[in-house]
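Here the structure is laid out as structure tokens; the discussion comes afterwards.
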Amino acid sequence: MANQHYCLRWNNYQSNMTSVFHHLLRTEAFVDVTLACNNHSLKAHKVVLSACSSYFQKILLDNPSQHPTIIMPQDVCFNDLKFIIEFVYRGEIDVSQTELQSLLKTADQLKIKGLCEVPEGSNTKDMPGAEVTPLPPPSPPPPLRLNKFRRLTFQARRRLDSRKRLYRETLQQKQQVQLNQVHQPQQTLHHSQQTIHQSPQQSIHQSSQQSIHQSPQQSIHQSPQ
Numbered sequence: 001m002a003n004q005h006y007c008l009r010w011n012n013y014q015s016n017m018t019s020v021f022h023h024l025l026r027t028e029a030f031v032d033v034t035l036a037c038n039n040h041s042l043k044a045h046k047v048v049l050s051a052c053s054s055y056f057q058k059i060l061l062d063n064p065s066q067h068p069t070i071i072m073p074q075d076v077c078f079n080d081l082k083f084i085i086e087f088v089y090r091g092e093i094d095v096s097q098t099e100l101q102s103l104l105k106t107a108d109q110l111k112i113k114g115l116c117e118v119p120e121g122s123n124t125k126d127m128p129g130a131e132v133t134p135l136p137p138p139s140p141p142p143p144l145r146l147n148k149f150r151r152l153t154f155q156a157r158r159r160l161d162s163r164k165r166l167y168r169e170t171l172q173q174k175q176q177v178q179l180n181q182v183h184q185p186q187q188t189l190h191h192s193q194q195t196i197h198q199s200p201q202q203s204i205h206q207s208s209q210q211s212i213h214q215s216p217q218q219s220i221h222q223s224p225q
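When the letters of the sequence shown are read in order and numbered with UniProt numbering, they come out as residues 1 to 225.
Laid out in structure tokens, this is it:
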């Protein structure tokens, strides 16, 4: 019986490798080459640069040091170099129309695969290299529904007016309760003061009247004796 063979396939191999390489670039993990350009520098990996550029491959083969520093030509823009490094790690970049011509020129100078085959003109549909796809303009915001907005505003105003009215009524009730509590002790105190001031006068008046009314009678009844 013949020995059977099996094909094992990693379905998301390309996307996984792309995400892994991009993560290594952002974290600068295992970097082994430095690109110096106009007083700036970028760190990358030899294997990625060699796989995506014959220009970098030749330089790295001629200089087999552990961590070389490659000085870029004077006419290479650092912004273009950043776009190119991002392109070789991710496989795509988003650039504006004003940056496109300079980027393609630098990519052609550095022999970047996928970019150097693209001409500087706009006819890039039939080229086997990278695809230059213009980004769609941002969609306009949806129109505002004034009727719904006004209805919501009117309902919000009604709820606000209702809350204000309820707050005023509650505040008035609290003030009335406080006034009643203040006046009630004053009335009790006033009543007690009247009682205190009236009682001695009534006693004096009653005693004087009794003395006046009783003295003559006693005199009359006592005189014949």
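The beta carbon of each residue, even a glycine, is placed where N, CA and C say it ideally should be.
On the CB-based measure, 16 or more other CB atoms within 10 Å of its CB, does residue i come out buried or exposed?
i: Ile-71; result: exposed
i: Ala-107; result: buried
i: residue 272; result: In the structure as shown, the chain begins at 1 and stops at 225. Residue 272 is therefore absent and cannot be evaluated.
i: Lys-46; result: buried
i: Cys-116; result: buried
i: Leu-171; result: exposed
i: Leu-160; result: exposed
i: Asn-3; result: exposed
i: residue 226; result: Nothing can be reported for residue 226, as the shown portion of the chain is limited to 1 through 225.
i: Leu-179; result: exposed
i: Leu-8; result: exposed
i: Leu-166; result: exposed
Might you give, ordered along the chain, the residues of its own chain that have their beta carbon closer than 6 Å to the beta carbon of residue i, omitting 5 neighbours on each side?
i: Ser-41; result: Thr-34
i: Glu-28; result: Lys-43
Span of the alpha helix (DSSP H) holding residue i?
i: Val-31; result: Unbroken run through Val-31: none, as it is neither H nor E.
i: Ala-107; result: 97–109
i: Arg-90; result: 78–90
Whose C-beta lies closer than 7 Å to the C-beta of residue i among residues of the same chain, with five residues either side of it excluded?
i: Ser-50; result: Phe-56, Gln-57 and Leu-60
i: Cys-52; result: Val-88, Ile-112 and Lys-113
i: Ser-54; result: Lys-111
i: Cys-37; result: Met-72, Val-76, Phe-78 and Leu-81
i: Thr-69; result: Thr-34 and Ala-36
For the beta strand (DSSP E) holding residue i, just list the boundary residues, first then last.
i: Ser-53; result: From DSSP, Ser-53 is part of no beta strand (DSSP E); its letter is neither H nor E.
i: Gln-43; result: Note on identity: in this sequence residue 43 is Lys, with Gln being the wrong assignment. Segment 40–44, the beta strand (DSSP E) holding Lys-43.
i: Ile-70; result: 69–71
Kindly list the residues whose CB is nearer than 8 Å to the CB of residue i, restricted to its own chain and excluding five residues on each side of it in sequence; keep chain order.
i: Ile-85; result: Leu-25, Leu-35, Leu-42 and Ala-44
i: Pro-73; result: Gln-109
i: Thr-18; result: Tyr-89, Arg-90 and Gly-91
i: Arg-157; result: none
Could you have a look at residue i and say whether DSSP puts it in helix, strand or coil?
i: Ala-36; result: strand
i: Ile-93; result: coil
Could you check which residue in the options has the C-alpha nearest to that of residue i?
i: Thr-98; options: Arg-90, Asp-80, Asn-180 and Glu-92; result: Asp-80
i: Gly-91; options: Gln-175, Gln-178 and Ser-15; result: Ser-15
i: His-22; options: Leu-103, Ser-102, Ile-93 and Gln-176; result: Ile-93
i: Val-48; options: Arg-157, Arg-158 and Val-20; result: Val-20
i: Ser-65; options: Leu-104, Val-95, Arg-163 and Asp-32; result: Asp-32
Does the beta carbon of residue i sit closer than 7 Å to a beta carbon anywhere in chain C?
i: Gln-4; result: In the structure shown, chain C cannot be found, because there is only a single protein chain.
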